[in-house]
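For the sequence shown, the numbering used here gives the first residue as 29, with consecutive numbering after it.
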Amino acid sequence: MAAPAKTAAPKTAAPKKAAAPAAKKAPAKAAATNTGKGAGTNAAVDIQPILNQQNHAPAPTQRYGTVSQRLPIGLDEQTRQSSVTMLNQLLADTITLRDMYKKHHWQVVGPTFYQLHLLFDKHYEEQAVLVDAIAERIQILGGVAVAMAHDVAELSSIPRVPRDREEAPVQVSRLLDAHQRLLKNCHDYADKADERGDDGTNDLIVSQLIRTNEMQVWFVSEHVVDSPLIQAE
Ligand SMILES: [Fe+2]
């Protein structure tokens, strides 16, 4: 108990000793930083405001389709808005393609069942990674990522897939068509992101989306065959 008493005394005593010289300097210091009412009257307080702060916090609910400038990533609002619009289109189409793969993984039948069952699920997992990368890029840009199935269905450019179970060649055909639609948009959007200087979005589209989708097209295309694998007698 003795130790705190010893250290407490100098702390409280210090302002009294320094009071006389500090009183001469403090008004000038305070006047430079405090222009409000009562400036210079609180000279002993050495707390200064942090200057140049601005409140960019988003509203409690951020509307879909808007972008905030909350994150300092060196991109202007028009560029962010443009990229977010493009990325939400790619997101809706990628979510749709991802779910097509799972549907076909479950429903595939026939002599190539095992291969396609595994391949479709592998591609589903890879598309799920892309979905997350696109959605998080949208949030980084200050936008709002489309997420729910009903919103995705409205936005997607991929034709609606029927609930019915379709034959493997039809599944393959649908997947290749969806990939091609998505890839055409990717090439267009990558150019636009590059023109605006949004290198991160350009890189995401080229390095992840285009590369992954092209690879998947290759693997799925090899299952397009003219002749049946089994000839029934
Ligand atoms: Fe499964």
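Idealized CB from N, CA, C, for every residue including glycine.
With respect to the 9 angstroms criterion, Ile233 and Leu147 are not classified as neighbours on the basis of their beta carbons.
At least one heavy atom of ligand 1 lies closer than 8 angstroms to the C-beta of Trp134. When the Cα atoms are used, Lys150 and Val157 turn out to be separated by approximately 11 angstroms. At a Cβ-Cβ threshold of 9 angstroms, Asn230 and Leu210 do not count as neighbours. Residue environment for Ile166: buried (at least 16 other C-beta atoms within 10 angstroms of its C-beta).
In this structure, DSSP gives Ala161 a helical state, which the three-state scheme calls helix. Annotated as proximal: Asp121 and Ser185, with beta-carbon spacing under 9 angstroms.
The Cβ atoms of Glu164 and Ala177 do not sit closer than 9 angstroms to each other. For Asp149, the shortest separation between its Cβ and any heavy atom of ligand 1 lies below 8 angstroms. Around the beta carbon of Asn116, 16 or more other beta carbons sit within 10 angstroms, so the residue counts as buried. One alpha carbon belongs to Asp226, the other to Asp104, and they sit about 10 angstroms apart. Setting aside the 5 residues that flank it on each side, His133 is surrounded in the same chain by His145, Phe148, Asp149 and Tyr152, each with a C-beta closer than 7 angstroms to its C-beta; the list follows chain order. Classified as exposed, Val252 has fewer than 16 neighbouring CB atoms from the shown chains inside 10 Å of its CB.
Nearest in C-alpha terms to Leu204, of all of Tyr129, Ser110 and Ile78, is Tyr129. When rounded, the separation of the alpha-carbon atoms in Thr107 and Ile78 is 30 angstroms.
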